[in-house]
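For reference, the structure discussed in these notes is given below.
Residue numbers (our numbering): 516 to 576.
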């Protein structure tokens, strides 16, 4: 399993392509949205191929 994760395996998820990185984090699309009265979501902003990072930049000093 670890070797597969570190190989950069990709698959099509509900939100688009998902790719694993060698650090076991993911590269994927991220969506900002709001819920509507009918239970659906209105997508307000979409960020393509966001690279996962182990820590948020500027969080730890």
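Even for Gly, the Cβ is constructed at its ideal location relative to N, Cα and C.
Is the CB-CB distance between residue 559 and residue 548 below 7 Å?
yes
Could you give the residue range of the beta strand (DSSP E) that holds residue 516?
For residue 516, there is no enclosing beta strand (DSSP E), since its DSSP letter is neither H nor E.
Does the Cβ of residue 557 have 16 or more other Cβ atoms within 10 Å, making it buried, or fewer, making it exposed?
Looking at its Cβ environment, which holds fewer than 16 other Cβ atoms inside 10 Å, residue 557 is exposed.
CB of residue 521 within 7 Å of CB of residue 537, strictly
yes
Roughly how many whole angstroms lie between the Cα atoms of residue 517 and residue 535?
11 Å
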